[in-house]
Structure formats: structure tokens, C-alpha cells
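Chemist:
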Amino acid sequence: MKQKIILLAFVIFSAIPAFSQDLQGVLKNLDGLQKNDANLDHRLDQLAKQIDDLMWTQKVGDIAHVDKLYIYGPPKWKEKNPAAMGAGNPVKFWIYTFIPRGIDVNKKYPLIVLPHGGVHADFTTYYAHIVRELVSQGYIVVAADYRGSTGYGKAFYESIDYGGLEIEDVYASRNYMIENYEFVDKDRVGIVGWSHGGLITLMNIFDHPNDFQCAFAGVPVSDLIARMGYYDQGYRDEFEASYSIGQTANQNVAEYRRRSPVWNVQKMKSTPLLIHTNTSDDDVNVLEVESLIKSLKAEDKKFEYEIFQKAPGGHSFDRMDSKTAQEIRVKIHGFLAKYLKPEKPIRTIQDLRKAAYGF
Numbered sequence: 003m004k005q006k007i008i009l010l011a012f013v014i015f016s017a018i019p020a021f022s023q024d025l026q027g028v029l030k031n032l033d034g035l036q037k038n039d040a041n042l043d044h045r046l047d048q049l050a051k052q053i054d055d056l057m058w059t060q061k062v063g064d065i066a067h068v069d070k071l072y073i074y075g076p077p078k079w080k081e082k083n084p085a086a087m088g089a090g091n092p093v094k095f096w097i098y099t100f101i102p103r104g105i106d107v108n109k110k111y112p113l114i115v116l117p118h119g120g121v122h123a124d125f126t127t128y129y130a131h132i133v134r135e136l137v138s139q140g141y142i143v144v145a146a147d148y149r150g151s152t153g154y155g156k157a158f159y160e161s162i163d164y165g166g167l168e169i170e171d172v173y174a175s176r177n178y179m180i181e182n183y184e185f186v187d188k189d190r191v192g193i194v195g196w197s198h199g200g201l202i203t204l205m206n207i208f209d210h211p212n213d214f215q216c217a218f219a220g221v222p223v224s225d226l227i228a229r230m231g232y233y234d235q236g237y238r239d240e241f242e243a244s245y246s247i248g249q250t251a252n253q254n255v256a257e258y259r260r261r262s263p264v265w266n267v268q269k270m271k272s273t274p275l276l277i278h279t280n281t282s283d284d285d286v287n288v289l290e291v292e293s294l295i296k297s298l299k300a301e302d303k304k305f306e307y308e309i310f311q312k313a314p315g316g317h318s319f320d321r322m323d324s325k326t327a328q329e330i331r332v333k334i335h336g337f338l339a340k341y342l343k344p345e346k347p348i349r350t351i352q353d354l355r356k357a358a359y360g361f
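Under our numbering, read the sequence shown as residues 3 to 361, first letter to last.
#1: What is the DSSP secondary structure of R190, reduced to helix, strand or coil?
#2: Given this structure, state the Cα-to-Cα distance separating P347 from G336, to the nearest angstrom.
#3: Distance check for Q48 and S158, CA to CA, integer angstroms please.
#4: Spell out a yes or no on whether the segment 275-290 and the segment 316-335 are touching, meaning 3 or more CB-CB pairs, one atom from each, closer than 8 Å.
#5: Can you tell me whether P211 is buried or exposed, with buried defined as 16 or more other CB within 10 angstroms of its CB?
#6: Taking 8 Å as the limit between beta carbons, can you name the residues of its chain near K110, skipping five residues before and five after?
#7: According to DSSP, is W58 helix, strand or coil?
#8: So, are the CB atoms of F100 and V137 less than 7 Å apart?
#9: Which residue wins for smallest C-alpha separation from V267, given the options M205, K312, A243, K78?
#10: Which partner residues of G75 appear in the DSSP bridge assignment?
#11: Which runs of the alpha helix (DSSP H) spanning at least 4 residues fall entirely within the segment 106-160, listed in chain order?
#12: So W58 packs on D163, CB below 8 Å; how close in whole Å?
#13: Helix, strand or coil: how does DSSP classify E170 here?
#14: From which residue to which residue does the beta strand (DSSP E) around N280 run?
#15: Let me know the secondary structure DSSP gives K70 once reduced to three states.
#16: Would you call the segment 110-123 and the segment 172-180 in contact, with 3 or more CB pairs under 8 Å?
#17: In terms of residue numbering, what span does the alpha helix (DSSP H) encompassing Y359 cover?
#18: Using C-beta distances below 6 Å, list every residue in its chain close to E240, excluding the 5 sequence neighbours before and after it, in chain order.
#19: Could you spell out where the beta strand (DSSP E) holding E306 opens and where it closes?
#20: Do G192 and L298 count as a contact pair if the criterion is CB distance below 7 Å?
#21: Going by alpha carbons, who is nearest to G315 out of D54, I227, L294, D285?
#22: Use the C-beta contact count for A126: other C-beta atoms within 10 angstroms, 16 or more gives buried, fewer gives exposed.
#23: Under 6 Å Cβ to Cβ from E301, same chain only, skipping five residues before and after it: list those, please.
#24: Whose C-alpha, out of V264, C216, K82, is nearest the C-alpha of V371?
#25: If you draw a straight line from the alpha carbon of E292 to that of A327, how long is it in whole angstroms?
#26: Starting from G248 and walking both ways along the beta strand (DSSP E), at which residues does that stretch end?
#27: Between A40 and the rest of its own chain, which residues show a CB-CB distance below 7 Å, the 5 nearest in sequence each way excluded?
#28: By how many angstroms is the C-alpha of G199 removed from the C-alpha of F214?
#29: What is the C-beta distance between L294 and S197, in whole angstroms, given that I count them as a contact (C-beta under 8 Å)?
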């Protein structure tokens with residue numbers, strides 16, 4: 003609507019020389035305000051991140067040592083100016099670590115790698131109950147705010163590499179934990195992710211098949227080409243931005259295939275994998291995950307899956323606090339425990355409630 007008003011004003015006043023120069027000044031000021039709005043959005047994201055970070059100790063500090071560490075992954079996949087000072091340097095990012103209180107540092111403990119979802123999002127206390135469930139069983143948890151995550155300013159936001167080197171950032175968080183904590187068992191590492199975190203989960207076990215002992219992918223983004231078809235232009239703009247892929251799926255279908263799990267299933271080896279999806283998902287259409295399942299079967303890959311029929315909660319159906327969601331998470335924890343052998347596995351909904359909510 004605003005653009006139509008501006009266009010109408012331009013047509014009217016450009017016909018009147020006395021007003022034409024004034025209008026150009028107004029348009030210039032408006033453009034400046036829009037740029038300021040964009041910068042303000044990033045500043046507000048940074049403030050929200052800092053506030054949320056303070057809540058982690060409150061929410062899980064009674065059972066976990068919480069820390070936030072600064073590490074690095076590969077260089078950017080493309081640079082504005084490859085000859086500029088600092089071009090080609092590793093991308094620096096933050097990771098959250100959760101280590102159970104009272105651990106015996108002379109023993110070994112399983113590790114869960116937990117990538118967050120979202121095209122641009124971040125790891126927040128939205129996951130606090132899930133972190134509690136994991137830590138209470140004896141898992142160590144690491145969660146990366148990989149390149150493109152929100153809360154770290156415009157430059158980091160625009161370093162996004164969706165389905166690309168962000169996968170290596172998450173992998174780097176796994177390696178950091180093994181290299182720096184002797185009590186992390188490199189032979190008991192699982193990766194768990196929902197939505198875009200599910201895509202990262204799948205691509206990690208495809209690209210690093212020997213480094214994860216199991217994986218869970220919940221409602222995973224599976225086919226970017228399909229998504230470009232059923233989402234609107236506003237969503238497609240996130241991928242077509244100059245700092246992102248920079249082209250449409252039609253212009254560069256190979257690039258979108260490269261970043262989509264459904265087109266990479268042939269790389270999967272023998273990592274135990276569980277996939278969940280929901281027919282009433284209002285974000286990742288079930289057709290994407292069904293296509294992934296069919297592709298895995300066509301390649302004769304061994305995996306487990308469950309398609310939930312109109313489970314309440316849509317995209318978040320198994321991450322909520324409802325009884326149904328809790329029952330489903332008991333299944334997920336059971337799958338992980340089979341391969342990672344935590345000291346205190348969750349076997350019942352009562353176990354889960356005590357872990358997540360304290361009673």
C-alpha cells in the first residue's frame with residue numbers, strides 16, 4: 003500500500019516542477035528510514051538474544067553447567083570482495099554447552115548435538131525442556147548458533163549458507179566438544195534436530211557418516227525445490243537474496259538440489275536414523291518428508307520413521323508440553339538410548355515429566 007501511495011504522489015508532483023525537487027528529498031529520507039528500520043531489527047534481535055541468554059541458568063542451571071563459547075567453522079562460501087583484508091578467514095560463531103552437574107570427569111558420557119531450526123533463527127530457551135530431558139539422562143549437549151543465526155548483528159545474519167557450510171559449523175561444534183572435554187565419548191554421539199535443524203541433522207550424517215552413532219530428524223526440511231514451489235515470494239526472497247544463494251530455483255536448480263536432503267540420500271551409510279513428520283504440519287508440508295522417505299527406501303537405506311496423522315500442534319507437535327507430545331518424546335529418547343546408552347534413560351512419561359518439569 004505504501005509503495006502505491008508513493009508512486010501516486012510521484013506521478014502527481016512530478017508534473018508540477020515546484021514540488022518535484024521536494025518529493026525527491028522525501029523519497030530519499032524515506033529510503034534512509036527503511037535502512038534504519040532494518041538495522042533496528044538486528045539491534046532488537048541482539049537485545050532479545052542477550053535477555054534469553056540470561057534465562058538459561060534459571061531454566062536448567064539446577065541440573066547443568068551452562069556455558070557459551072566462541073569457536074569457528076569454515077570460511078564464507080562466497081565473499082563480497084575476495085581480495086579484501088580478512089577475506090577467507092574462518093567464520094566465528096557461538097555454541098551453547100550443557101554439562102550435567104555432578105559428573106565424574108574420569109568417566110565418559112554421550113554427546114547430543116542439537117542444531118536449531120529456522121531460515122534465520124537462533125538457539126533459545128524454547129528448547130529448555132528438551133535440554134533438561136537430555137541432561138537428566140546423563141547426556142552432554144552442544145547447540146550451535148551457526149552462521150546466519152539471529153541475535154548477532156547484520157553481518158553475521160548475512161553470512162547465512164542455508165544447507166551449506168552451516169552444516170560444517172554444527173559439525174565443528176561436535177568436534178570442539180570431543181577435542182576439549184576428555185569425558186565426552188567420541189563413540190557415543192547423536193544428533194537431534196527439528197525443521198531446518200532436521201535438514202542439518204540429515205546432511206551431517208550424509209556428509210560425516212562415521213562420526214554420529216544415531217540421528218533423529220523431526221519434521222525435517224527435505225526439498226528446497228519443492229518448498230520454493232509451495233511457499234510465497236516472501237519466503238523465496240530469503241534464498242534469492244544476494245548474500246544467500248542469490249538465484250531462484252529455476253535459475254540454478256543444481257544449487258538447490260545440493261542443499262536438499264532428498265537429493266543426497268545416496269550418501270547415507272549405516273547411521274541409525276529416526277524420522278518423524280505430521281500430516282497437519284503448517285510449515286514443512288508432509289509431502290517433503292514423504293518424498294525423503296521414498297528416496298531413502300529407493301536407495302535401500304535402513305531407517306525408522308513415523309508419519310503422525312493430524313497430530314495436534316502442527317509443526318511443533320512433538321516439542322510441546324501436551325501429554326501427546328511428551329509420549330512421542332519418550333519414543334525419541336528410547337531410540338537415542340538404544341545407541342548412546344545414557345546412565346539414566348527416560349523410559350516412561352513419568353521419567354520425562356520429572357526430568358523436564360521436576361516432578
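Note that the Cβ used here is the ideal one computed from N, Cα and C, for glycine as well. Predicted model, so just to flag it, every value in this text is computed and none were measured.
Modeler: To lay it out plainly:
#1: strand
#2: 7 Å
#3: Per the sequence shown, the amino acid found at residue 158 is Phe instead of Ser. Computed Cα separation, rounded: 11 Å.
#4: Judged by Cβ distances under 8 Å, the segment 275-290 makes contact with the segment 316-335, as three or more pairs qualify.
#5: Counting Cβ neighbours within 10 Å, P211 comes out exposed, since fewer than 16 surround it.
#6: Taken in chain order, the residues that qualify are F185, V186, D187, R190.
#7: helix
#8: yes
#9: Residue M205 is the option with its Cα nearest to V267.
#10: According to the DSSP secondary-structure assignment, G75 is paired through a beta bridge with V93.
#11: 130-138, 156-159
#12: So it is not a contact: roughly 26 Å between Cβ atoms.
#13: When DSSP states are grouped into helix, strand and coil, E170 belongs to the helix group.
#14: Counting along the chain, the unbroken beta strand (DSSP E) around N280 starts and ends at 275-280.
#15: strand
#16: yes
#17: 351-359
#18: V121
#19: 306-310
#20: The beta carbons of L298 and G192 sit no closer together than 7 Å.
#21: D285
#22: At residue 126 the sequence reads Thr, which differs from the Ala that was named. Buried, by the Cβ-count rule.
#23: V267, Q268
#24: With the chain running from 3 to 361 in the structure shown, residue 371 is simply not present.
#25: 21 Å
#26: G248 -> no beta strand (DSSP E), and no H or E assigned at all.
#27: none
#28: 15 Å
#29: About 13 Å; that fails the 8 Å criterion.
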